[in-house]
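Numbering (the numbering used here), first residue to last: 1 to 344. We treat Cβ as the ideally placed atom computed from N, Cα and C, and that holds for glycine. Source: prediction; values computed, not measured. Presented below is the structure to which this report refers.
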């Protein structure tokens with residue numbers, strides 16, 4: 001399949017579009033499916049979707065989206081798809097649900113030595129936050145939560161379906177905002193400052209719910225292999241600030257992490273690749289690293305880690321590498337003073 005056999009892109013005009021991608025593995029550039037939802041002036045939605053051959057051997061997320069090497073056999077490479085999208089989306093606002101999709105497109109462009117499109121990106125998570133603030137800390141504003149809250153009907157982790165869902169979120173939020181009284185600029189500024197504090201995690205406040213974190217299984221050794229011994233990267237002492245803000249500083253050994261998993265100071269500058277963190281909970285966490293603050297970008301799991309291990313200020317946390325791009329976080333309580341018993 002070449003670009004000549006790509007499905008024809010819908011004809012405009014459109015009010016805006018929403019874009020979603022699925023990836024083969026934790027390299028954000030490994031795009032294997034792209035979906036676009038085109039919203040017309042009458043609010044009707046037309047969806048466009050194509051599979052993409054990411055040209056990789058490692059498939060991690062097939063269990064999630066059902067796409068594998070056989071699915072994309074004969075599909076166009078990203079370099080064949082991008083020229084069509086670059087032209088079709090020019091001049092339109094492009095919504096994504098969180099910062100993942102924009103970063104994935106940028107990473108795929110980097111892999112293919114292509115210029116990154118200068119689309120006007122917006123985040124439907126931020127739109128949903130303003131429309132339904134009651135979901136903060138109560139399921140969050142991820143698509144799975146909004147599906148339940150709004151009664152949306154779509155198959156999650158299908159790029160076309162997720163793009164349509166993001167577009168519907170924007171349309172419904174517009175109706176909600178029309179019905180709400182205008183709020184003061186003082187309140188808005190205060191909310192903006194709160195949102196910017198520590199640049200809390202990649203998918204908005206959904207990261208505060210451990211159950212919404214993505215899971216990347218680290219490779220298990222085959223029967224003929226022995227599991228490699230974990231490699232200790234270093235330990236860090238937990239402060240009261242760490243406990244309050246739910247983060248773990250990695251400063252003293254930050255250079256031990258792979259460079260392609262280190263991003264900038266905010267979500268828009270996230271790394272092209274992510275690591276898996278096993279913290280002892282029911283599910284591991286996928287995140288990149290904040291290179292400015294030198295800690296894990298996604299931190300929704302850290303409060304649970306602290307509580308599960310009764311971590312106190314002064315305790316140590318050990319970071320181990322268990323496999324390439326796979327890490328384990330282990331609490332090491334400090335020696336507690338033993339109360340002397342009084343003998344009778």
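Do you know offhand how far residue i's Cα is from residue j's?
| i | j | result |
| --- | --- | --- |
| residue 238 | residue 314 | 5 Å |
| residue 259 | residue 247 | 20 Å |
| residue 147 | residue 109 | 31 Å |
| residue 155 | residue 66 | 12 Å |
| residue 284 | residue 310 | 19 Å |
| residue 129 | residue 141 | 7 Å |
| residue 171 | residue 43 | 8 Å |
| residue 54 | residue 294 | 30 Å |
| residue 306 | residue 282 | 15 Å |
| residue 8 | residue 83 | 13 Å |
| residue 236 | residue 321 | 15 Å |
| residue 157 | residue 89 | 22 Å |
| residue 168 | residue 95 | 11 Å |
| residue 56 | residue 63 | 16 Å |
| residue 323 | residue 298 | 20 Å |
| residue 151 | residue 134 | 16 Å |
| residue 330 | residue 249 | 14 Å |
| residue 244 | residue 303 | 9 Å |
| residue 308 | residue 288 | 23 Å |
| residue 153 | residue 71 | 24 Å |
| residue 277 | residue 149 | 30 Å |
| residue 286 | residue 120 | 27 Å |
Quick check: residue i and residue j, are their CB atoms within less than 8 Å of each other?
| i | j | result |
| --- | --- | --- |
| residue 159 | residue 124 | no |
| residue 32 | residue 46 | no |
| residue 50 | residue 76 | yes |
| residue 93 | residue 122 | yes |
| residue 230 | residue 328 | yes |
| residue 117 | residue 73 | no |
| residue 24 | residue 61 | yes |
Assuming residue i contacts residue j (C-beta within less than 8 Å), just tell me the rounded distance between them.
| i | j | result |
| --- | --- | --- |
| residue 102 | residue 273 | 16 Å between Cβ atoms; not a contact. |
| residue 19 | residue 232 | Residue 19 to residue 232, Cβ: 41 Å. No contact. |
| residue 144 | residue 176 | At roughly 19 Å, the Cβ-Cβ gap does not stay under 8 Å, so residue 144 and residue 176 are not in contact. |
| residue 261 | residue 325 | 7 Å |
| residue 81 | residue 6 | 7 Å |
| residue 48 | residue 10 | 6 Å |
| residue 252 | residue 234 | 6 Å |
| residue 79 | residue 112 | 4 Å |
| residue 52 | residue 36 | No, residue 52 and residue 36 are not in contact; Cβ-Cβ is about 13 Å, not under 8 Å. |
| residue 69 | residue 127 | At roughly 36 Å, the Cβ-Cβ gap does not stay under 8 Å, so residue 69 and residue 127 are not in contact. |
Hey, out of the options, whose CA is closest to residue i's CA?
| i | options | result |
| --- | --- | --- |
| residue 97 | 333, 268 and 263 | 268 |
| residue 265 | 296, 15, 282 and 119 | 296 |
| residue 279 | 319, 261, 78 and 253 | 319 |
| residue 275 | 115, 83, 153 and 257 | 257 |
| residue 254 | 290, 143, 86 and 81 | 290 |
| residue 17 | 152, 330, 91 and 145 | 91 |
| residue 332 | 178, 292 and 316 | 316 |
| residue 240 | 169, 83 and 312 | 312 |
| residue 40 | 57, 56, 15 and 60 | 15 |
| residue 26 | 79, 100, 87 and 34 | 100 |
| residue 242 | 68, 300 and 104 | 300 |
| residue 354 | 30, 323 and 308 | Here the chain comprises residues numbered 1 to 344, so residue 354 is not present and cannot be evaluated. |
| residue 161 | 138, 244 and 38 | 38 |
What would DSSP say about residue i, mapped onto helix, strand or coil?
| i | result |
| --- | --- |
| residue 249 | strand |
| residue 273 | strand |
| residue 89 | coil |
| residue 78 | helix |
| residue 126 | helix |
| residue 316 | strand |
| residue 100 | helix |
| residue 335 | coil |
| residue 9 | coil |
| residue 325 | coil |
| residue 294 | coil |
| residue 361 | In this structure the chain extends from 1 to 344, so residue 361 is not present and cannot be described. |
| residue 169 | helix |
| residue 115 | coil |
| residue 263 | strand |
| residue 280 | coil |
| residue 67 | coil |
| residue 302 | helix |
| residue 20 | strand |
| residue 62 | helix |
| residue 33 | strand |
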